[in-house]
Amino acid sequence: MTDTAPDGFTVSKPGIGDDAGKLILRVTLAGLMLFHGYSKVTGGIGGIESMLDQAGLPSVFAWGVYVGEVIAPLFMIAGVLTRISALIFAFNMVVAILLGHAGEMFTLGEHGEWAIELQMLYLMGAVAVALLGPGRYALRAGRGILA
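First residue of the sequence shown? That's 1 in the UniProt record's numbering, and the numbers climb one at a time after it.
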């Protein structure tokens, strides 16, 4: 949608498509991450603890994966504290890339794809959600930056 401002310039106004797009991005991204979280809930976090130990970090940090892969995605789906949840999600992906995929950052797969393209897609999707906010279709617990 567009409108004309008093100075004669055309101004874009968000329409239903913008909010539907935010909903689809939010729910799809977070929903797919929940599969990763579910595997940690049912299978444990021993693998994450091992990676942290190898990196010289306290293994207790492994519990943070539940926040990044279960709690934050659930909040994103609901549209509650969406921006903060998306930033937590993004931080989780940065940690996952650095701990689990650092050696693949400059590597191509056998079909020419970037070896960490999926991780980067999750990361940049979360950054986009953090910047865009939840849109109209959300249970909001805050406004503005907290939305």
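We treat Cβ as the ideally placed atom computed from N, Cα and C, and that holds for glycine.
Cβ neighbours of residue 87 within its own chain (closer than 6 Å, five residues either side excluded): 130.
With contacts defined as CB atoms closer than 8 Å, residue 93 and residue 26 fail to qualify as a contacting pair.
Restricting attention to 81, 17 and 72, the CA atom closest to the CA of residue 36 is found in 72. Per the coordinates, the alpha-carbon of residue 15 lies some 45 Å from the alpha-carbon of residue 52. Taking C-beta atoms as the reference points, residue 89 and residue 33 count as a pair closer than 8 Å. Within the DSSP bridge table, the entry for residue 108 names 114 as partners. In the same chain as residue 96, and ignoring 5 residues on each side of it, the C-beta atoms closer than 7 Å to its own belong to 119, in chain order. Shown here for residue 48: same chain residues with a beta carbon closer than 6 Å to its own, the five before and five after excluded, namely 62 and 65 in chain order.
The C-alpha of residue 84 lies about 25 Å from the C-alpha of residue 101. Distance from residue 67 to residue 41 at the Cβ level is roughly 12 Å; contact not present, criterion being Cβ atoms closer than 8 Å.
Following the DSSP letters along the chain, one finds residue 49 inside the alpha helix (DSSP H) bounded by residues 46–54. Rounded to whole angstroms, residue 38 and residue 99 show a C-alpha spacing of 20 Å.
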